[in-house]
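Step one of this worksheet: look at the structure below.
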């Protein structure tokens with residue numbers, strides 16, 4: 017738990033669906049222009065090694081983030097996280113508690 021984050025805050029986040037957590041974390045990361053957050057997530061998904069988008073290129077940050085979100089949707093089917101769901105939930109909650 018980070019400073020300023022109460023157990024009530026964590027409980028409230030944990031009660032959210034994975035998709036709601038994803039939406040909140042993605043919105044925050046987009047606002048912060050945090051391409052590293054997206055790269056980290058995509059690297060933990062199945063088939064990530066097959067993607068050429070993980071080079072962390074120095075292109076326009078908006079373009080990079082949009083491309084990474086597209087890769088995310090392609091790899092997850094935008095609905096199911098499979099075996100990676102616990103890891104993704106933990107990452108979303110961690111990101112939201114550290115950066116909100």
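Residue numbers (the working numbering): 17 to 116.
We treat Cβ as the ideally placed atom computed from N, Cα and C, and that holds for glycine.
Excluding the 5 residues preceding and the 5 following residue i in the sequence, name in chain order all residues of the same chain whose CB lies nearer than 8 Å to its CB.
i, result
"residue 70", "Residue placement at residue 70 is poorly supported in this model, since its pLDDT is 49, which falls under 50; the coordinates still yield a value, given next. Contacts found: 55, 58, 59 and 64."
"residue 38", "104 and 108"
"residue 32", "40"
By how many angstroms is the C-alpha of residue j removed from the C-alpha of residue i?
i, j, result
"residue 35", "residue 47", "18 Å"
"residue 114", "residue 98", "25 Å"
"residue 116", "residue 101", "22 Å"
"residue 30", "residue 45", "19 Å"
"residue 28", "residue 111", "14 Å"
Closest by CA to residue i, which one among the options?
i, options, result
"residue 107", "22, 41 and 31", "41"
So for residue i, helix, strand or coil by DSSP?
i, result
"residue 41", "helix"
"residue 23", "helix"
"residue 57", "helix"
"residue 49", "coil"
"residue 97", "coil"
"residue 31", "coil"
Less than 6 Å between C-beta atoms, sequence neighbours within five positions excluded: which residues of the same chain meet that for residue i?
i, result
"residue 26", "none"
Output needed for residue i: all residues of its chain with C-beta closer than 7 Å, excluding positions within five of it in sequence on either side, in chain order.
i, result
"residue 43", "none"
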